[in-house]
């Protein structure tokens with residue numbers, strides 16, 4: 005396994021990461037393929053693969069608590085992309101592990117993948133989550149408040165479970181997230197955004213999806229408990245590659261680094277949504293996909 009480069013919010017360089025540079029950081033490799041929900045006794049006889057991500061998470065927490073996490077004055081559980089879901093799933097449990105830590109919060113970075121109304125568009129995510137549940141035995145790890153109301157695979161969609169999380173949670177995401185729209189709208193749709201040549205039909209799909217995404221977010225009436233930074237860039241994950249003064253995402257003259265740090269340190273509870281209703285190329289922030297209305 006290659007070494008991992010600590011950058012972005014994990015960087016120890018003050019000029020790059022002024023609010024978190026001097027923190028102790030632990031990066032948990034996303035190694036189980038099941039959002040750390042697996043708890044299956046089954047072992048693949050051909051590969052010797054185990055599907056026990058929930059046990060991995062528990063073991064990692066026990067290890068880092070013993071190494072000093074239990075003495076932390078501030079703690080933050082972050083999940084990017086597919087790891088965004090376990091950051092939500094384990095957010096309250098993480099808080100309970102640190103009863104003497106004054107400030108414990110969670111951050112979901114580009115992991116708020118929604119369930120859309122169109123059955124055809126919803127199929128890819130739904131089938132993927134169903135396969136995870138069946139292979140990993142995830143149902144027993146998912147929130148019981150959700151699984152008693154709907155099928156286990158539906159409990160992988162954040163809008164079906166986030167409202168039960170009591171620990172403060174921040175969501176950084178774009179409605180036009182590359183992975184989300186590529187998986188939901190259709191494979192390859194990102195190409196027109198980068199080329200600035202999206203059709204009127206594609207722009208209509210973007211606008212419709214954006215509205216569904218915004219409706220699936222927690223409401224902004226309690227930003228202390230549910231903060232958000234929703235931009236319009238066509239990218240995927242921000243707390244690493246897009247987390248520096250040179251290229252940080254900005255919405256309404258507020259950049260993500262400051263918005264999140266202010267929220268985390270209780271300086272200002274931010275809930276910001278970009279009003280642009282079409283995707284912006286991540287390669288050029290002033291190039292909207294709006295050439296053919």
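Residue numbers (this note's numbering): 5 to 297.
Positions of the beta carbon are idealized from the N, C-alpha and C atoms, including for glycine.
Helix, strand or coil for residue i, going by three-state DSSP, please let me know.
i	result
residue 54	strand
residue 64	helix
residue 208	helix
residue 34	coil
residue 14	helix
residue 298	The chain is shown only over 5 to 297; residue 298 falls outside these bounds and no answer can be derived.
residue 271	coil
residue 74	helix
residue 130	helix
With a threshold of 16 other CB atoms inside 10 Å of the CB of residue i, please say whether the residue is buried or exposed.
i	result
residue 205	exposed
residue 157	buried
residue 182	buried
residue 77	exposed
residue 75	exposed
residue 31	exposed
residue 112	buried
residue 88	buried
residue 253	buried
residue 268	buried
residue 282	buried
Based on the DSSP secondary-structure assignment, which residues constitute the bridge partners of residue i?
i	result
residue 110	81, 173
residue 276	233
residue 47	54
Check whether the segment 244–253 and the segment 13–20 touch, using three or more Cβ-Cβ pairs below 8 Å as the test. yes
Whole beta strand (DSSP E) elements within the segment 77–107, 3-residue minimum: 78–84
Where are the beta strand (DSSP E) runs, 3 residues long or more, that stay fully inside the segment 227–264, in chain order? 230–234
Considering only residues of the segment 133–188, which uninterrupted alpha helix (DSSP H) runs meet the minimum length of 4 residues and lie entirely inside it, listed in chain order? 148–151, 182–188
contact_flag[the segment 76–95, the segment 37–44] where n(CB pairs < 8 Å) is 3 or more: yes
Are there three or more Cβ pairs, one per stretch, closer than 8 Å when the segment 168–182 is compared with the segment 113–131? yes
Is it true that the segment 139–153 meets the segment 186–196, where meeting means three or more beta-carbon pairs spaced less than 8 Å apart? no
Cβ contact (3+ pairs, closer than 8 Å) linking the segment 223–233 and the segment 266–276: yes
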